[in-house]
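Counted from 1, the sequence shown has number 25 at position 25 by UniProt numbering; the numbering is strictly sequential. Glycine included, C-beta positions come from ideal geometry on N, C-alpha and C. Everything below concerns the one structure shown next.
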Amino acid sequence: QSSASPKNRGGLFWRYWRSVCSSSVTIAPCCLMRVRLRLGIVLKLVLLVLLTLICLLCYWNLSINLKLYWQSNPGSSNNPLLNPSLKIFPKTPEERAEYNKAFHQHSFNAFLSDRLSLQRLVPDTRDPACQSKSYYANSQSYDNLTASVIICFYNEAKSTLRRTLYSIFNRSPPHLLHEVIVLDDESNNGISSFDVNFISSKIRYEIAPMKLGLIRARNYAAKLATGRVLIFLDSHIEVNVGWLQPLLHHLSIRPKSVALPLVDVIDEKTFEYSATPHVVGGFTWNLRFAWDPLPASVPMDEPFHSPVMSGGLLAVRASTFHAFGAYDNLMETWGGENLEMSFRYWQCGGTVYACPCSRVGHVFRSRRPYGEFSGRDSWLFNSVRLANVWLGPFREVFFYQEPRAVGVDPGDLTSRLELQRSLGCVSFKWYLLNVASKKMIRSLPGGSGIC
């Protein structure tokens, strides 16, 4: 090799240099090329990460804006946040046991309720004309009325009670909501003030001094209330958007009236929220509450007469409630108090109106899951009381339709008959001719002969 010519030696040199540059030996020109290449890859990765972050930020911002839009336009049929098609079923043996136990205890799907959002959106079921009502914009149109909401419960599921309260505070103007009294009628399912008080400082959690039953519990809570309007609600409801203003506005115009929201339906199995049909409260001659069809000519953005209130959901001025005798405190537990209160108001100078721009969803149960702590049929006893006080001679129609009521002792009627006299109440015949649906007259023995 030492005898090779300079030319050959030069060729060998260049071949060696090219081999070095193509190897991993860190010679300056090659290192620069490799560093540039690696920097390019790093920059591309950084740009990719930045673009990913930007996309995620845009998606998050879009989802927030969409949610705000749907919240401000809850009635849109395209709203994906309304009544989501949740397929939540018990899968394991433990979950099936939990489902069966909860349904037996509450007579609705508490298993599903426990897994739904406590602050879910519901569809705006009001007539579109309701949204333009002046009382929504004018906060001075309520005669300085503020509401004490009263919720009496016994062994309610925690999730439905909390969802009830969240809906009230989320959908009520704060200056119109004075307080929410939550009265625990000696529950024994472990529920306590710690389960609800964190929702708002306006909640007053009270415990009944003894087992009262719904009727007496409402009277007890009404004495504790300090708002000018009492609003009685059940513990498994969800108030809808704009629910409070129509009730207060109506009571500011008609101080001796009972104002009723329209009761939308929350399915006991699926918890889907749907609008109520066009119906109005009525009754049968065995003194059971019944829904009657509402004529199509009745506008759904103005209050209309309701012969009977459904019972669980109503608003009334506190002064009127007490002046008209509150609830009959000698009635037992539950049942019939809605008919008694309806007849009393109509016959004694008051009125009962349904306010269709106020909507409240209610979980309708196929059975009442609680027993009779009084030891007797409270509905039958209460019906006999109201028949003997408010129906006059028409009570015989009730006894004919409900033979079990014959011979039932109604208890002491002195205070209710005295109330009837002091209020100057008119006869039940007047109520039938001027308030009740025509079908009640047609269904009487002898038809419309009472005229």
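Item	Value
Please report the residue range of the beta strand (DSSP E) in which residue 291 lies.	289-293
Go ahead and label residue 435 buried or exposed: buried means 16 or more other beta carbons lie within 10 angstroms of its beta carbon, across all protein chains shown.	buried
According to DSSP, residue 418 sits in a beta bridge with which residue or residues?	Beta-bridge pairing links residue 418 to no other residue.
For residue 321, I'd like the list of residues in its chain whose CB is within less than 8 Å of its CB, leaving aside the five on either flank, ordered along the chain.	222, 230
Tell me the rounded alpha-carbon separation between residue 331 and residue 166.	32 Å
When the Cα of residue 181 is compared with those of 212, 217, 429, which residue comes out closest?	217
In chain order, what residues of the same chain lie with their CB nearer than 8 Å to the CB of residue 385, ignoring the 5 residues before and after it?	328, 330, 331, 336, 340, 410, 411, 413, 416
Can you confirm whether the segment 190-207 touches the segment 309-326 when touching is taken to mean that 3 or more C-beta pairs between the two stretches lie within less than 8 Å?	no
Restricting to Cα atoms, I'd like to know which of 132, 47, 91, 142 is closest to residue 247.	142
Beta-carbon within less than 8 Å of residue 170's beta-carbon, same chain only, minus the 5 sequence neighbours each way: which residues are those?	119
Quick check on residue 47: buried or exposed, where buried means 16 or more other Cβ atoms within 10 Å of its Cβ?	exposed
Taking the beta carbon of residue 430 as the centre, do at least 16 other beta carbons fall within 10 Å, making it buried, or is it exposed?	exposed
Use the C-beta contact count for residue 210: other C-beta atoms within 10 angstroms, 16 or more gives buried, fewer gives exposed.	exposed
Return helix, strand or coil for residue 179, following the three-state DSSP convention.	strand
Across which residues does DSSP place residue 362 in a beta bridge pair?	237, 265
Determine the direct distance from the alpha carbon of residue 359 to that of residue 108, and round the result to whole angstroms.	21 Å
What whole-angstrom Cβ distance do residue 178 and residue 213 have, given they're in contact under 8 Å?	In fact, because the Cβ distance is near 26 Å, the residues do not count as touching under 8 Å.
In three-state terms, what does DSSP make of residue 191?	coil
Among 196, 173, 174, 264, which residue has its Cα nearest to the Cα of residue 183?	196
Can you give me the C-alpha to C-alpha distance between residue 51 and residue 159, rounded to a whole angstrom?	41 Å
Starting from the N-terminal side, write out each stretch of the alpha helix (DSSP H) that is 4 residues or longer and does not extend beyond the UniProt domain "Galactosyltransferase C-terminal" (301-363).	318-323, 337-347
For residue 275, which residues of its own chain have a beta-carbon under 7 Å away from its beta-carbon, when the five flanking residues on both sides are left out?	125, 264
Within 10 angstroms of its Cβ, does residue 251 collect 16 or more other Cβ (buried), or is it exposed?	buried
Measuring CB atoms only, is the segment 127-134 touching the segment 352-368, in the sense that at least three cross pairs come out at less than 8 Å?	yes
What residue range does the alpha helix (DSSP H) around residue 221 cover?	214-224
Do residue 294 and residue 305 have their beta-carbon atoms positioned less than 8 Å apart in this structure?	no
DSSP puts residue 152 in a beta bridge; with which residues?	183
List the endpoints of the continuous beta strand (DSSP E) containing residue 98.	It is not in any beta strand (DSSP E) - residue 98 instead sits in the alpha helix (DSSP H) that spans 93-106.
Name the two residues that bound the continuous alpha helix (DSSP H) containing residue 384.	378-390
Taking the alpha-carbon positions, what's the residue 254 to residue 173 distance?	21 Å
Between residue 164 and residue 117, is the Cβ-Cβ spacing less than 8 Å?	no
Give the range of the beta strand (DSSP E) segment to which residue 283 is assigned.	279-283
Looking only at DSSP bridge pairs, what is residue 206 linked to?	183
Quick one: does the C-beta of residue 257 sit closer than 7 Å to a heavy atom of the ligand ADP?	The ligand ADP is absent from the structure shown, which contains no ligand whatsoever.
Am I right that residue 273 and residue 361 are in contact with their C-beta atoms under 8 Å? What's the rounded C-beta distance?	5 Å
Tell me which residues share the same chain as residue 440 and place their Cβ nearer than 7 Å to its Cβ, disregarding the 5 neighbours each side in the sequence.	432
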